[in-house]
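*Asks:*
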Amino acid sequence: MSTLVFLEHHDGEIQKGSLGVLAKAASLGDADAVLVGEGVRGLAADAGRHGARTVHVADDASLAAPLSQPRVDVLAKLASEYDAVFFANSVLAADVAAGLAARLDAGLNWDLVDITADFVGKRPALQDSVLVDVGWKSTPRLALFRSGSFDPQESGGEAEVRDVAVDLEDFSRETTMLEQAHAEATGPSIEDADVIVAGGRGLGAPENFTLAEELARALGGAVGATRAVVDAGWYPYSAQIGQTGKTVSPKLYVALGISGAIQHKVGMQSSSVIVAINKDPNAPIFEFSDLGVVGDVHEIVPKLTELVQQRKSS
Amino acid sequence: MKIAVCIKHVPEGHGRIDPGSKRLDRSGEGALNHFDANAVEEALRLKGDGDGEVVVVSMGPEQAADSLRKALAMGADRAVLVSDPAAEGSDLVATSKVLAGALAREGADVVLFGQQAADADGAVLWAAVAERLRRPVVSQAAEVTLAGDKVRVKRQTEFGYDLIETSLPAVVAVSDAINEPRYPSLKGIMGAKKKPFETLSVSDTGVSVSDTGEAGSKTAVLALGDPPARADARKIEGDGNAAQAILDFLAEKRLV
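So the sequence lines, in the order shown, correspond to chains A and B. Position in the first sequence (first residue = 1) + 8 = the numbering used here. Position in the second sequence (first residue = 1) + 7 = the numbering used here.
Okay, structure coming up:
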């Protein structure tokens, strides 16, 4: 069995999610990887250390911007040699996977949290109330995995590097990146925090984020935010958790006034323990919380902060 | 300027999967996928007061006509519904083929999608449709601006905001943060009944029936099971003791 893994990279580093999927592929059989971009050859060694047997490198100035369609052109040349092609979900990877599915008429299953050695994918559906076993009727099997499904494994191997010729379709050349986002490196990263206290619209006003900040300080954690409050300008983008923000899996996640929309959920659902406080008893977040508290954050959080401080100082 | 918007009719409330067919039960009440309302709103905004046309396109059961009518009531000019029993159970490969066929007949300058389907949590269809149309695609659009034969898109990714420009015709998937969809007015609802509404079969889109439905799909649902539940999940009503209850819980889990 052989699998090709699409490795996404940003600012000179392979994304952790991609390396996690590579570890899964390597545990199933032969895992090769593909790196697409400009100046990415140096990352091949890192892919080898994380379990890749062969790394296909498409290194070209025309591939510098992280746009999906040129990546489909590169992968389309390689994919048919493999039983499966794996992707770690992201804005870019989802578009590459779907474009490739149409190009090759290949089946794509998405939002998978696991896969067996005989290629049965596991996909939670309907707000995670059902676990669906999904399969493929042809090869290559394309699979898009939910963020944080697997941890990277260092095997210490060395990959063989193979160059891929770059030949782009006309419609793949039409798109230009005018300004590219770069991750802001300010303050402690919420991706590494053991405890995260996150706030949503239910906090009521931007100044009420102090509730989240004070509880986070008492618990020794960092502050996160939903897309809704980031879009509303209440809190900086660097704190956004969710589909288009950061994906986190802390030991403790405290959600304050967060409804639990899919956009947010995908970024935090793999947290070990989730505590949610929301005044709406029907908020979806209660469906995936270990402790759900129906109540007013403005009353409960200051008391909780005080109790945590007392406990720490006693 | 001709703008096509792809919309989906989704079941209301908590969905259920039919254990026999292993498909989402689409027999009950449904509604316009709310993420698609953002795409309809953006199409109306882009058309503005100009003499363009907004055409809404859907593939689904007959009831999907309700969602198309809602889009017409919001202000879209024309609707196309591809409804064919042969297309039931289509996966991404098959659905994208039929939608691309219906869109190719329209030849729109811009094709818009919403950011995901509320029922299947899928967020991939636009890229497959763009590939079949051989058009450029940009997703997660937080702002869309037309400039001559180009479209500029500010999109949000995991790393922040990108600014991307591409040539028309193009496919753009908008995020739910891009706008606040309008509610249809009474006048809009009345007017929607008189707007052109076309119903197509799969073969009308130029796609062979054998390329759709389960026959044309490359994925399959094998089995349904219970998900691994969060062990001993608890829910409490917030009274005066809620803060203490949370602290006790955290202490029990050794998190404080």
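By construction, the Cβ of each residue, glycine as well, lies at the ideal position given by its N, Cα and C atoms. Fair warning: this is a prediction, and the values are worked out from it, not measured in the lab.
Please report the straight-line C-alpha distance between A107 (chain B) and A137 (chain B), rounded to a whole angstrom.
*Replies:* Indexing the second sequence from 1 puts residue 107 (chain B) at position 100. Indexing the second sequence from 1 puts residue 137 (chain B) at position 130. Roughly 8 Å between the two C-alpha positions.
*Asks:* Excluding the 5 residues flanking S174 (chain B) on each side, which residues of the same chain have their C-beta closer than 7 Å to its C-beta?
*Replies:* The count along the second sequence starts at 1 and reaches residue 174 (chain B) at position 167. Answer for S174 (chain B): P143, D156 and K157, listed in chain order.
*Asks:* With R154 (chain A) as the anchor, note down where its beta strand (DSSP E) starts and where it stops.
*Replies:* Position 146 of the first sequence, counting from 1, holds the residue named residue 154 (chain A). Element bounds for R154 (chain A): n/a, residue is neither H nor E.
*Asks:* Please check the pair E205 (chain B) and V87 (chain B), which I expect to be a contact at CB under 8 Å, by giving their CB distance rounded to whole angstroms.
*Replies:* Within the second sequence, residue 205 (chain B) is the residue found at index 198, counting from 1. Within the second sequence, residue 87 (chain B) is the residue found at index 80, counting from 1. That pair is a contact at about 5 Å.
*Asks:* Specify the secondary structure class of Y5 (chain B) as computed by DSSP and reduced to three states.
*Replies:* With chain B covering 8 to 263 only, the question about residue 5 (chain B) has no answer from this structure.
*Asks:* Is the Cβ of Y168 (chain B) closer than 8 Å to any Cβ of chain A?
*Replies:* Here residue 168 (chain B) refers to the residue found at position 161 when the second sequence is read from its first residue. Closer than 8 Å to some Cβ of chain A, the Cβ of Y168 (chain B) qualifies, so yes.
*Asks:* Taking DSSP as the reference, what is the three-state secondary structure of H272 (chain A)?
*Replies:* Looking up residue 272 (chain A) in the first sequence gives position 264. Of the three classes helix, strand and coil, the one that applies to H272 (chain A) here is helix, per DSSP.
*Asks:* Considering only the alpha carbon of each residue, which of A:H272, A:K311, A:I198 and A:Q248 lies closest to D246 (chain B)?
*Replies:* Locating residue 246 (chain B) in the second sequence gives position 239, counting from the first residue. Minimum Cα distance to D246 (chain B) is reached at A:K311.
*Asks:* Please report how far the alpha carbon of A109 (chain A) lies from the alpha carbon of S88 (chain A), in whole angstroms.
*Replies:* Against the first sequence, residue 109 (chain A) aligns to sequence position 101. Against the first sequence, residue 88 (chain A) aligns to sequence position 80. One C-alpha to the other measures close to 11 Å.
*Asks:* Looking at the secondary structure, which residues open and close the beta strand (DSSP E) in which L186 (chain A) lies?
*Replies:* By 1-based counting over the first sequence, the position of residue 186 (chain A) is 178. Taken as a continuous stretch (DSSP letters only), the beta strand (DSSP E) holding L186 (chain A) covers T184 to E187.
*Asks:* Can you say whether P188 (chain B) is buried or exposed, counting buried as having 16 or more other CB atoms within 10 angstroms of its CB?
*Replies:* As a first step, residue 188 (chain B) must be located in the second sequence, where it is residue number 181. Buried.
*Asks:* Of all the alpha helix (DSSP H) runs that stay within the bounds of the region 40 to 65 of chain A, which reach a length of 4 or more residues?
*Replies:* Those alpha helix (DSSP H) runs which fall completely within the region 40 to 65 of chain A and span 4+ residues are 52 to 57.
*Asks:* What whole-angstrom Cβ distance do A247 (chain A) and A233 (chain A) have, given they're in contact under 8 Å?
*Replies:* To locate residue 247 (chain A), count along the first sequence from 1; it is residue 239. To locate residue 233 (chain A), count along the first sequence from 1; it is residue 225. Contact holds; Cβ gap of about 4 Å.
*Asks:* List, in order along the chain, the chain B residues whose C-beta lies closer than 8 Å to that of I308 (chain A)?
*Replies:* Translated into the one-based positions of the first sequence, residue 308 (chain A) becomes position 300. Going along chain B in sequence order, the residues near I308 (chain A) (Cβ under 8 Å) are G245, A249, A250 and I253.
*Asks:* Where G195 (chain A) and S297 (chain A) are concerned, what is the direct C-alpha to C-alpha distance, given to the nearest angstrom?
*Replies:* Taking the first residue of the first sequence as 1, we reach residue 195 (chain A) at position 187. Taking the first residue of the first sequence as 1, we reach residue 297 (chain A) at position 289. Since pLDDT at G195 (chain A) reaches only 47, below the 50 mark, its modelled position is unreliable, and the value read off the structure follows with that caveat. Roughly 28 Å between the two C-alpha positions.
*Asks:* Are there 16 or more other CB atoms within 10 angstroms of the CB of H41 (chain B), so buried, or fewer, so exposed?
*Replies:* In the second sequence, counting from the first residue as 1, residue 41 (chain B) sits at position 34. So H41 (chain B) counts as exposed.
*Asks:* Could you round the C-beta distance between L100 (chain A) and A55 (chain A) to whole angstroms and report it? I think they count as a contact, below 8 Å.
*Replies:* Residue numbering aside, residue 100 (chain A) sits at position 92 when the first sequence is read from its first letter. Residue numbering aside, residue 55 (chain A) sits at position 47 when the first sequence is read from its first letter. Wrong, their Cβ atoms sit about 17 Å apart, outside the cutoff.
*Asks:* Determine the chain A residues that contact G129 (chain B) at a beta-carbon separation under 7 Å, and present them in chain order.
*Replies:* Your numbering for residue 129 (chain B) matches position 122 in the second sequence. Ordered by position in chain A, the residues that pass the 7 Å Cβ test against G129 (chain B) are W118.
*Asks:* Are the C-beta atoms of S174 (chain B) and some chain A residue less than 8 Å apart?
*Replies:* Numbered from its first residue, the second sequence carries residue 174 (chain B) at position 167. Yes, S174 (chain B) counts as interfacial toward chain A.
*Asks:* Where does V142 (chain A) fall in DSSP's three states?
*Replies:* One-based indexing of the first sequence puts residue 142 (chain A) at position 134. In the structure shown, V142 (chain A) sits in a strand (DSSP, three-state: E or B).
*Asks:* For a quick check, are the C-beta atoms of L120 (chain A) and A96 (chain A) less than 8 Å apart?
*Replies:* Your numbering for residue 120 (chain A) matches position 112 in the first sequence. Your numbering for residue 96 (chain A) matches position 88 in the first sequence. Result no, Cβ atoms of L120 (chain A) and A96 (chain A) do not sit closer than 8 Å.
*Asks:* Check whether the region 59 to 67 of chain B and the region 108 to 121 of chain B touch, using three or more Cβ-Cβ pairs below 8 Å as the test.
*Replies:* Yes, since at least three Cβ pairs between the region 59 to 67 of chain B and the region 108 to 121 of chain B fall closer than 8 Å, the two stretches touch.
*Asks:* Relative to the alpha-carbon of E199 (chain A), which residue among A:S70, A:L12, A:S279 and A:V65 has its alpha-carbon at the smallest distance?
*Replies:* As a working mapping, residue 199 (chain A) is identified with position 191 in the first sequence. Out of A:S70, A:L12, A:S279 and A:V65, A:S279 has the C-alpha closest to the C-alpha of E199 (chain A).
*Asks:* Using the Cα positions of V216 (chain B) and H16 (chain B), report the straight-line distance between them to the nearest angstrom.
*Replies:* Residue 216 (chain B) sits at position 209 when you count from the first residue of the second sequence. Residue 16 (chain B) sits at position 9 when you count from the first residue of the second sequence. Approximately 22 Å, taken between the alpha carbons.
*Asks:* According to DSSP, is Y245 (chain A) part of a helix, a strand, or is it coil?
*Replies:* Translated into positions along the first sequence, residue 245 (chain A) becomes position 237. Three-state DSSP puts Y245 (chain A) in a helix.
*Asks:* Taking all protein chains shown into account, decide if R261 (chain B) is buried (16 or more other Cβ within 10 angstroms of its Cβ) or exposed.
*Replies:* Stepping through the second sequence from its first residue, residue 261 (chain B) is reached at position 254. R261 (chain B) comes out exposed.
*Asks:* Considering only residues of the region 70 to 98 of chain A, which uninterrupted alpha helix (DSSP H) runs meet the minimum length of 4 residues and lie entirely inside it, listed in chain order?
*Replies:* Runs of the alpha helix (DSSP H) inside the region 70 to 98 of chain A: 76 to 87.
*Asks:* For A50 (chain B), tell me which candidate among B:R159, B:S97, B:V131 and B:A83 has the shortest Cα-Cα distance.
*Replies:* Numbered from 1 along the second sequence, position 43 holds the residue referred to as residue 50 (chain B). When each option's Cα is compared against that of A50 (chain B), the closest is B:A83.
*Asks:* Using the Cα positions of T124 (chain A) and V93 (chain A), report the straight-line distance between them to the nearest angstrom.
*Replies:* Reading the first sequence from its first residue, position 116 is the one you call residue 124 (chain A). Reading the first sequence from its first residue, position 85 is the one you call residue 93 (chain A). Each residue's Cα considered, the two are about 14 Å apart.
*Asks:* For N186 (chain B), does the count of other Cβ atoms within 10 angstroms reach 16, so buried, or fall short, so exposed?
*Replies:* Against the second sequence, residue 186 (chain B) aligns to sequence position 179. By the 10 Å Cβ count, N186 (chain B) comes out buried.
*Asks:* Less than 8 Å separating the beta-carbons of V256 (chain A) and G229 (chain A)?
*Replies:* Position 248 of the first sequence holds residue 256 (chain A). Position 221 of the first sequence holds residue 229 (chain A). The answer is no: Cβ separation not under 8 Å.
*Asks:* Going by the beta-carbon positions, is the gap between A5 (chain A) and V172 (chain A) smaller than 8 Å?
*Replies:* The question about residue 5 (chain A) has no answer here: the residues shown for chain A are numbered 9 through 322.
*Asks:* List, in chain order, every chain B residue whose beta-carbon is nearer than 9 Å to that of Y245 (chain A).
*Replies:* Here the question's residue 245 (chain A) lines up with position 237 in the first sequence. By Cβ distance, chain B contributes Q163, G167 and Y168.
*Asks:* Apart from the five residues on each side of it in sequence, which residues of its chain come closer than 8 Å, Cβ to Cβ, to A84 (chain A)?
*Replies:* To locate residue 84 (chain A), count along the first sequence from 1; it is residue 76. Counting only Cβ-Cβ distances below 8 Å, and skipping sequence neighbours, we find L108, R111 and L112.
*Asks:* Listed in chain order, which residues of the region 261 to 278 of chain A have Cβ atoms closer than 8 Å to some Cβ of chain B?
*Replies:* Those would be I270 and Q271, in chain order.
*Asks:* Could you check whether T226 (chain B) and G207 (chain A) sit closer than 8 Å to each other, using their CB atoms as the reference points?
*Replies:* The sequence position of residue 207 (chain A) within the first sequence is 199, counting from 1. The sequence position of residue 226 (chain B) within the second sequence is 219, counting from 1. Not closer than 8 Å, so no.
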